[in-house]
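Count the sequence shown with this note's numbering and you get residues 3 to 229, in order.
Cβ coordinates follow ideal geometry from the N, Cα and C atoms, glycine included.
These notes concern the structure reproduced below.
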Amino acid sequence: MNRLKPHLEGIIFDMDGTIINTEAAWVDATYDLLEAHGVNRAKLSQEHAKVLDQMVGIGLFGSAQLMIDTFKIPNVRPKDLAEGLLLRANARFNEEIKFIHGFEEFHKKLNAAGIPSSIATNCDAITLQNLIKKMSFDTYFGQNIYSIADVENKAKPDPAVFLHAAEKLSAKPEKCIVFEDSLWGFIAAKAANMRCIAIKNKNNTEFFEKHTHGGIESYNAAEAEVI
3 MNRLKPHLEG
13 IIFDMDGTII
23 NTEAAWVDAT
33 YDLLEAHGVN
43 RAKLSQEHAK
53 VLDQMVGIGL
63 FGSAQLMIDT
73 FKIPNVRPKD
83 LAEGLLLRAN
93 ARFNEEIKFI
103 HGFEEFHKKL
113 NAAGIPSSIA
123 TNCDAITLQN
133 LIKKMSFDTY
143 FGQNIYSIAD
153 VENKAKPDPA
163 VFLHAAEKLS
173 AKPEKCIVFE
183 DSLWGFIAAK
193 AANMRCIAIK
203 NKNNTEFFEK
213 HTHGGIESYN
223 AAEAEVI
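Here's what the structure looks like:
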């Protein structure tokens, strides 16, 4: 890992689905919310299911607006729908959440090599603070934990949160590597002029190769991808 130091100034991690396995909680919360607004999960079309897959990584308010537009949910503001989604997701976060396999060991190697790292997420500030406490993120990243609240709520695919994280790490964007799992994150990393490695999952297998520099099933394979 030490041989990475000359050409690598920072590694930036997305959070949901990238370092912790929260995606299932968000999906379940989304379906529960749709049911509450009269959308029967069992009767969703394939097209609707694909739209829900597109919500991964788009951010809380983007997800709410997408649900309203797709399912024609009447008489509800995006803000209220977002709050309902957040409430349901946070209830599930009280259940067991784990790090993506191999992350902790990979992060130890980064520290040993003196390579700074950061979180840069579309997550809302309240949920992020709850997860910082639950997962002790500060022991891994110190204060280098950023959400769209730090960049005027500019969500990915806008590169703002990645560029902000790089600046705080005193790292040039072109000398940063991003770990991501969503299409919006892949696009944001490219816009930030950062190399991107995908955390592969069932939602990104069809397109990650087009938008990233590689992909891994777990962080056991991460070191080989960043060299």
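Check whether the Cβ atoms of D183 and D71 sit closer than 9 Å, and answer yes or no. no
Using three-state DSSP, classify A200 as helix, strand or coil. strand
Cutoff 6 Å; reference N222; Cβ partners in own chain excluding five residues on either side: G104
Name, in chain order, the residues that DSSP records as bridge partners for I179. I13, R197
Contiguous alpha helix (DSSP H) assignments of at least 4 residues, all confined to the region 84-156: 105-115, 127-137, 140-143
Within the continuous alpha helix (DSSP H) that includes H213, where are the two ends? 210-213
Could you pull the start and end residues of the alpha helix (DSSP H) that Y223 belongs to? Going by the sequence as given, residue 223 is Ala instead of Tyr. Here A223 belongs to no alpha helix (DSSP H), and DSSP marks it neither H nor E.
From the DSSP output, which residues share a beta bridge with I189? None, per the DSSP bridge assignment.
CB V180 to CB I199, shorter than 9 Å? yes
Hey, quick one: how far does the alpha helix (DSSP H) through S65 stretch, first residue to last? 62-73
8 Å CB neighbourhood of S65 in its chain, flanking five on each side removed: T32, M57, A84, L87
Let me check one thing: in DSSP terms, what residues is D18 bridge-paired to? I22
Straight-line Cα distance separating M196 from A167: 12 Å
Spatially closest choice to F143 from A122, A127, D126, P161, by CA coordinates: A122
Supposed close pair L68, V53 - CB separation, criterion 8 Å: 7 Å
If you count every other CB in all the chains shown that lies within 10 Å of the CB of G12, and 16 or more means buried, which is it? buried
If you compare alpha carbons, which of A162, I60, Q131 is closest to V29? I60
Grab me the residues of F63's own chain with a C-beta within less than 7 Å of its C-beta, minus the 5 sequence neighbours each way, in chain order. P80, A84
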